[in-house]
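Asks:
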C-alpha cells in the first residue's frame, strides 16, 4: 500500500503540462491537452505554450484560494452563513481558525501551488535546449522564475517551511521530497528567483497583445514585498526606487483599476488575466461575493442561480467602518446591502470591487489585481518611516498622493507626529486602499498584529451569534500557519505544523 501511495504522488506532482497555442492574445489558449515532456520543447512555440501553461494555474488559484487565505482569513471579510446549503463548510472553518489537515481546500491550495511550481521547473530544465533568440529565452526564464517565486512566497507565508522542488520529477525516487526546507532557505530561494527574474526581464519587449505577462517591474515589486516581509528595508527601498522609474502611475479614477475595459492600465503591475468569453478562462468573483440571498439583484444575471457558491468574502462591519467619511474608494469597493425584488433593503454587505457585469451567464471578464503601483507607494512610505521618521517628508507625500485620489485630506505631521503614529497610518491606508485584493492577512502576519487583531475580530463576530462554534477564532501563534495537508504528511513523510 505504501508503494501505491508513493506512485500516486508521482503522478500528482508530475501531472502533465497544460499547453495551449498562442494567438492574438496570450490568454486565448486552446483546450487543455496532455503531452509527454520528453518529446515536447522542440521549438520556441512549444516553449511559449509551456510558459502559458504555467500562467494558467494562477487562474485556478485566483478564483478561490488566493482570496480565501489572503482576505477571508483576515478581519476584512467573513461569510454569510447559509443554513440551507452546508456543502462548503470547510471554508467557514478556514475563516474561523478551525480547519484541519484533511480539509479539501487545504489540499487543493497545496497541490495547485506545486503543480504551478512543477510547470515552471519543466520549462527551466529544458529552456536552454531549444533554439531561440537570447532575448526570448531570457524573457521566458524571467517569467517562470517569477511564477515559481510567487508560489513559494504564498506557501511559506501560509505553511511555514515547505519542500523546495527546483527540478522536474524524472523518476519515482525523485518524487519524494527532502522534507520541509527551513523558512530561511525558502526565502533565500524566493529572493534568488526574483532577482534573476528581474535581470532576465530587463530587456523584454511585451506587445500590446501580450499585456499581462510578467515584467521586470512585477519581479522587482514582488521582490520588494519579500524584503519588506523580511524587514530588510534598505533592500526593499532599492527595488521600489527602481520600480518608480518604470513609468507606472496612479490612475485618476480608483475604480478603473478593476474595470475589464481598462485592464492592465497605468497603475497595474501584475494581475491575473481572465477571459470572460471562454468558460475555462473566465472569472466569477461577482457571483461568489454576492449574498446568496440576493437572487439576481447584485449580479443582474437572471440565468445564474446563487446557492452555496455565493455569500463568501463578505465585508465585516469593522472593514466598513474603517473608511473615513468622504472616502471615494468605499463606494467602489463594497456595498452595505442590497434592495431585494420586493423593494426591501437587506443589510448583508458584499464586495463590489469586481462587479462589472457578465459576458455570458456565470462568466465575467474581470481580472484580479496582484500588484498595483499604489502598493509600491505605500510600501516605500512604510520602509522610509522604518528607516527614520521625517515630519512631512517624502513618506508623507507618497501616502498623500493616494489619499488625494480618494478625496481625503492629507496626513500632516501635526497630527501624525512620530514614527509609531505614521506606521499605524500606513497600516490603515493599506487596509482601505488594497481592500479585497488579498493583502490584509499578510500585512497582519508581517507586522506581528495577527493574533491580537484576529482574536478581537473573533470576539466581535461571536457576539450574539448562534451559528459560530464556541471554539472558533481562538487564535494563537501556532494557528497562524495552515496545517500541512494530511495527504502530504502520509505520502511524503512531512512533519505537521503544531496547531
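Residue numbers (mature numbering (1 follows the signal peptide of the UniProt record, and there is no 0)): -28 to -1, 1 to 471. Using N, Cα and C, we set each Cβ at its ideal position, and we do this for glycine too.
Please state the DSSP three-state secondary structure of residue 226.
Replies: Within the chain shown, the letter at position 254 stands for residue 226. Looking at residue 226 - three-state DSSP - the assignment turns out to be helix.
Asks: Please tell me whether residue 443 and residue 456 are closer than 8 Å, where the distance is taken between their beta carbons.
Replies: The residue given as residue 443 occupies position 471 in the chain shown. The residue given as residue 456 occupies position 484 in the chain shown. Against a cut-off of 8 Å, the Cβ pair of residue 456 and residue 443 comes out as no contact.
Asks: Are residue 339 and residue 244 touching if we call contact CB-CB under 8 Å?
Replies: By 1-based counting over the chain shown, the position of residue 339 is 367. By 1-based counting over the chain shown, the position of residue 244 is 272. In contact: residue 339 and residue 244 (Cβ atoms closer than 8 Å).
Asks: Given 8 Å as the limit, is there contact between the stretch 182 to 202 and the stretch 112 to 121, that is, 3 or more CB pairs closer than that?
Replies: Yes: at least three Cβ pairs fall under 8 Å.
Asks: Can you pull the DSSP bridge partners for residue 243?
Replies: As a working mapping, residue 243 is identified with position 271 in the chain shown. Looking at the DSSP assignment, residue 243 forms a beta bridge with 341.
Asks: Leaving out five residues before and five after residue -5 in sequence, what residues of the same chain have Cβ atoms less than 7 Å from its Cβ?
Replies: Position 24 of the chain shown, counting from 1, holds the residue named residue -5. Residue placement at residue -5 is flagged as unreliable, the pLDDT there being 41, under the threshold of 50; a coordinate-derived value is accordingly withheld.
Asks: Let me know if residue 229 comes out buried or exposed under the rule of 16 or more other beta-carbons within 10 Å of its beta-carbon.
Replies: Along the chain shown, read from residue 1 onward, the residue named residue 229 stands at position 257. Flag for residue 229 reads buried.
Asks: By how many angstroms is the C-alpha of residue 304 removed from the C-alpha of residue 264?
Replies: Within the chain shown, residue 264 is the residue found at index 292, counting from 1. Within the chain shown, residue 304 is the residue found at index 332, counting from 1. One C-alpha to the other measures close to 21 Å.
Asks: Any contact of the stretch 331 to 338 with the stretch 293 to 302, i.e. 3+ C-beta pairs under 8 Å?
Replies: With a cut-off of 8 Å, the stretch 293 to 302 and the stretch 331 to 338 do not count as touching, because too few Cβ pairs lie within range.
Asks: Judging by CA-CA distance, which residue of 461, 284, 314 is the nearest neighbour of residue 67?
Replies: Locating residue 67 in the chain shown gives position 95, counting from the first residue. When each option's Cα is compared against that of residue 67, the closest is 284.
Asks: With a cut-off of 8 Å on the beta carbons, I'd call residue 428 and residue 452 a contact; round off their distance for me.
Replies: Taking the first residue of the chain shown as 1, we reach residue 428 at position 456. Taking the first residue of the chain shown as 1, we reach residue 452 at position 480. 15 Å between Cβ atoms; not a contact.
Asks: Taking buried to mean at least 16 other C-beta atoms within 10 Å of its own C-beta, is residue 139 buried or exposed?
Replies: Stepping through the chain shown from its first residue, residue 139 is reached at position 167. Exposed: under 16 other Cβ atoms inside 10 Å.
Asks: According to the Cβ coordinates, are residue 131 and residue 161 closer than 8 Å?
Replies: As a first step, residue 131 must be located in the chain shown, where it is residue number 159. As a first step, residue 161 must be located in the chain shown, where it is residue number 189. Contact flag unset, no.
Asks: Using DSSP with H/G/I as helix, E/B as strand and the rest coil, what is residue 434?
Replies: In the chain shown, the residue the question calls residue 434 occupies position 462. Three-state result, residue 434: helix.
Asks: For residue 325 versus residue 408, is the C-beta distance shorter than 8 Å?
Replies: The residue given as residue 325 occupies position 353 in the chain shown. The residue given as residue 408 occupies position 436 in the chain shown. Cβ distance < 8 Å, so residue 325 and residue 408 count as in contact.
Asks: Examine the Cβ distances between the stretch 246 to 262 and the stretch 191 to 211 and report whether three or more of them are shorter than 8 Å.
Replies: The answer is no - the stretch 191 to 211 does not touch the stretch 246 to 262, with fewer than three Cβ pairs under 8 Å.
Asks: Just tell me which of 184, 354, 120 has its CA closest to the CA of residue 235.
Replies: The residue labelled residue 235 in the question sits at position 263 within the chain shown. Residue 235 has its Cα closest to that of 184, out of 184, 354, 120.
Asks: Under the three-state reduction of DSSP, which class applies to residue 328: helix, strand or coil?
Replies: For the purposes of this step, residue 328 is identified with residue 356 of the chain shown, where counting begins at 1. Coil at residue 328, not helix or strand.
Asks: Could you tell me the distance, in whole angstroms, from the CA atom of residue 220 to the CA atom of residue 460?
Replies: For the purposes of this step, residue 220 is taken as residue 248 along the chain shown, with counting starting at 1. For the purposes of this step, residue 460 is taken as residue 488 along the chain shown, with counting starting at 1. Straight-line Cα distance between these residues: approximately 41 Å.
Asks: Out of 206, 175, 57, 203, which one is the CA nearest neighbour of residue 218?
Replies: Working through the chain shown from its first residue, we reach residue 218 at position 246. Residue 175 is the option with its Cα nearest to residue 218.
Asks: Roughly how far, in whole angstroms, is the beta-carbon of residue 472 from the beta-carbon of residue 353, given that I think they are within contact range, below 8 Å?
Replies: Any question about residue 472 goes unanswered here, given that the chain covers just -28 to 471.
Asks: If you follow the beta strand (DSSP E) that residue 49 is part of, which residue opens it and which one closes it?
Replies: Your numbering for residue 49 matches position 77 in the chain shown. Run containing residue 49: 49 to 51, per the beta strand (DSSP E) assignment.
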